[in-house]
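Before any comments, here is the structure.
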């Protein structure tokens, strides 16, 4: 039995915090809460904003939309930059939106948008926000660890990640990096908060204590997963994902299918392809699961029935992806044979 | 790999929900969120209240105080009925407070208060609240399953429980039962909410879907733990705890120590005893952990240094408790031998 308030757990929390700093590429504070990604978005909003504050949300899919709806639920004045599904937020679009909305306090960006398979060009977008002095909040839940976070290099004020994304771990913990500027904003922010109040999760070198009753069983897999990433080395991890992303996209095209996401901004952790017009996406997905044991994500919201999603995050190998792609090809042929039109 | 949006997980969620209904003793909706107990308290507050709403919080310890501070953080007008530490909320005290605060919309009670080892007499308190028509919200995180919840019998509108309390499980999921009256209140409630919005976790017989990315790895231990409780049978589980509580309290007294909590309302899941005046609570606790492998809870807030807490929830046996009590006796003797005064 582990004492959630004792020295042993404090050391686990401290080691996780240090490793998370490496993963986030930051010297900013790292806060860990029991909960999932959406809770991290809520924490970012309620700790930095006041009712009526204008913000800009650049949304390229379901997760960006959720970010916007969440902020609206808290009475924030949300201006949306809505990007057509499958496209990335381009620097010119963001620049224009920032010029039209020069009064915003904060800008919310989604790094990788899992509903479309797009990774937004953070390194080009962040400077546009920072040079205007807006607070920059980034939802990195879907890609953290697999692609560079560059938190300090790009001056990201709040970055949100989730425990499931470091690959050998379970969902159930959400973590944020918080810059000095973001802490300053939190002192002025008047949105009501308690559970997600950053002050409850703030640690110091002398004191590592989780807020509330920590989800103890999730911290050990978290520490193990972070250690494995650390041992492999982040540049190697990123390169592995870059190559795997290219491999999957080439494989999709080679099998006569069309990519859904703009290839210039395709995510290296998740690939989307269009379901051919003569096929039913649900039936194809079901056949893949039942006959081949291959689990693909379905299209969400307005993309339901239009695309399927292949995840290749973490320790996925090229061999596994080759099998997945072959299974997709076989399942499509079988669907067509069953229901010739 | 489990699909969080697929039929297999939906069945796990449905089975857990049914078993939780048995545990809560209710036909009300059961909502499950990723997070811990404090999040359930926040969910109860933000879904039923509006800024400035008057409520009464009867607090007999740290967890009741937290409930009050949380509601205040959301701009609710909190009236406190503060009970001296170690005592329970007595029906006459609640009656008086309700008469003085007849305008309150809701009353918040803590069932078992783990900071003092008191279980408040819910069966006597609830009718006083219900006959006046106030919404009744109960923090049952610390005792759910081990003592009767009587949710429907007592007309409890919102009851909050946590996954760790069904004994073989991990913290990381929080669940609430929500009555029709509470749903009605949620339609009028204007406090801002998103993550904890009850509508996101509402399921129907045709549709079991977790809100956001569920903490998948926590649901399987939850289901197993709930099954074990169900097989033993709730009346037997309660009786086992009742006997174990009496056993521990008698053992504390037999070893010449004084109980901290009022014996008339002592909790059957956690026993507190006063640290003798000549001893240092921290040193005693440390010796117990290091020499005997016995982990006791320390006194919290104003009770720091004054008491220690023995947990006996779940599958704790009389033999284990006898060893724990013997270890306490030995450690006290050793402390006195080391530092004779």
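Residue numbers (the working numbering), protein chains in the order written: chain A, 58 to 398; chain B, 58 to 398. Just so you know, even glycine gets a beta-carbon here, dropped at the ideal spot from N, CA and C. Please read these numbers as outputs of a predicted model, since none were measured by experiment.
Quiz item: By the criterion of Cβ-Cβ separation under 7 Å, what are the contact partners of residue 95 (chain B) in chain A?
Solution: 252 and 269
Practice problem: With DSSP as the reference, label residue 270 (chain B) as helix, strand or coil. | Solution: coil
Quiz item: What residues are listed by DSSP as bridge partners for residue 231 (chain B)?
Solution: B:90 and B:219
Quiz item: From residue 237 (chain A) to residue 123 (chain B), what distance separates their C-alpha atoms?
Solution: Cα to Cα, the separation comes out at about 28 Å.
Practice problem: Indicate whether residue 233 (chain A) and residue 204 (chain A) have their beta-carbon atoms separated by less than 7 Å. | Solution: no
Practice problem: Below 8 Å on the Cβ atoms is my guess for residue 195 (chain A) versus residue 324 (chain A); work out the distance and round it to an integer in Å. | Solution: Not a contact, Cβ separation roughly 15 Å.
Quiz item: Quick check: the segment 70 to 83 of chain A against the segment 206 to 213 of chain A, are there 3 or more CB pairs under 8 Å?
Solution: yes
Quiz item: Helix, strand or coil for residue 147 (chain B) per DSSP?
Solution: coil
Exercise. Over the uninterrupted alpha helix (DSSP H) stretch that includes residue 244 (chain B), give me the two end residues.
Key: Residue 244 (chain B): member of the alpha helix (DSSP H) spanning 237 to 245, first to last residue.
Practice problem: With a cut-off of 8 Å on the beta carbons, I'd call residue 327 (chain B) and residue 367 (chain B) a contact; round off their distance for me. | Solution: With 8 Å as the limit, residue 327 (chain B) and residue 367 (chain B) qualify as a contact, their Cβ atoms being about 7 Å apart.
Quiz item: Is there at least one Cβ from chain B nearer than 7 Å to residue 200 (chain A)'s Cβ?
Solution: no
Exercise. Counting only the same chain and skipping the five closest in sequence on each side, list residues whose C-beta sits under 8 Å from that of residue 69 (chain B).
Key: 276, 277 and 280
Quiz item: Of all the CB atoms in chain E, is at least one closer than 7 Å to the CB of residue 390 (chain A)?
Solution: Absence of chain E from the displayed structure is noted, the protein chains being A and B.
Quiz item: Would a check of beta-carbon distances place residue 301 (chain B) closer than 7 Å to chain A?
Solution: no
Quiz item: Residue range of the beta strand (DSSP E) that residue 367 (chain A) falls in?
Solution: 364 to 368
Quiz item: Smallest Cα separation from residue 399 (chain B): which of B:153, B:91, B:201 and B:169?
Solution: The structure shown has nothing for residue 399 (chain B), since chain B only spans 58 to 398.
Quiz item: residue 99 (chain B) versus chain A: which residues are under 7 Å apart at the beta carbon?
Solution: Going along chain A in sequence order, the residues near residue 99 (chain B) (Cβ under 7 Å) are 251 and 252.
Quiz item: Do you know how far the Cα of residue 295 (chain A) is from the Cα of residue 198 (chain B)?
Solution: 42 Å
Quiz item: Given a limit of 8 Å on CB to CB distance, which residues of the segment 194 to 221 of chain A reach chain B?
Solution: 219 and 221
Quiz prompt | Residues bridged to residue 458 (chain A) (per DSSP) | solution = There is no way to answer for residue 458 (chain A), as the model of chain A reaches only from 58 to 398.
Exercise. Quick one: residues in its chain with C-beta nearer than 6 Å to the C-beta of residue 352 (chain A), no 5 flanking neighbours on either side, listed in chain order?
Key: These residues qualify, in order along the chain: 346.
Quiz item: residue 385 (chain A) lies in the alpha helix (DSSP H); which residues open and close that run?
Solution: 375 to 395
Practice problem: Measure the beta-carbon distance from residue 370 (chain B) to residue 317 (chain B) and round it to whole angstroms, keeping in mind my assumption that it falls under 8 Å. | Solution: Contact flag wrong, Cβ pair sits at about 18 Å.
Quiz item: Who are the neighbours of residue 130 (chain A) on chain B, taking C-beta pairs under 7 Å?
Solution: 249, 250 and 251
Quiz item: Would residue 228 (chain A) count as contacting chain B if we go by Cβ distances under 7 Å?
Solution: yes
Quiz item: Is residue 330 (chain A) helix, strand or coil by DSSP?
Solution: strand
Self-check item: Given residue 377 (chain B) as reference, the closest of B:283, B:134 and B:302 once Cα atoms are compared
Solution: Of all alpha-carbon atoms in B:283, B:134 and B:302, the one lying nearest the alpha-carbon of residue 377 (chain B) is that of B:302.
Quiz item: Short check: CB of residue 392 (chain A) to CB of residue 314 (chain A), under 7 Å?
Solution: no
Quiz item: Could you give the residue range of the beta strand (DSSP E) that holds residue 166 (chain A)?
Solution: 163 to 167
Quiz item: Can you round the beta-carbon distance between residue 115 (chain B) and residue 146 (chain B) to whole angstroms, since I take them to be within the 8 Å contact cut?
Solution: 5 Å
Quiz item: Which stretch, first to last residue, makes up the beta strand (DSSP E) that contains residue 116 (chain B)?
Solution: In the DSSP annotation of this structure, the continuous segment of the beta strand (DSSP E) that includes residue 116 (chain B) starts and ends at 111 to 116.
Practice problem: Please report how far the alpha carbon of residue 257 (chain A) lies from the alpha carbon of residue 253 (chain B), in whole angstroms. | Solution: 18 Å
Quiz item: Cα separation between residue 187 (chain A) and residue 135 (chain A)?
Solution: 19 Å
Quiz prompt | Reference residue 309 (chain A); option with closest CA among A:262, A:382 and A:266 | solution = A:382
Quiz item: Can you give the Cα-Cα distance for residue 227 (chain B) and residue 273 (chain A), rounded to whole angstroms?
Solution: Separation of residue 227 (chain B) and residue 273 (chain A) (C-alpha to C-alpha, rounded to the nearest whole angstrom) is 7 Å.
Self-check item: Separation of residue 289 (chain B) from residue 373 (chain B), as counted between CA atoms
Solution: 14 Å
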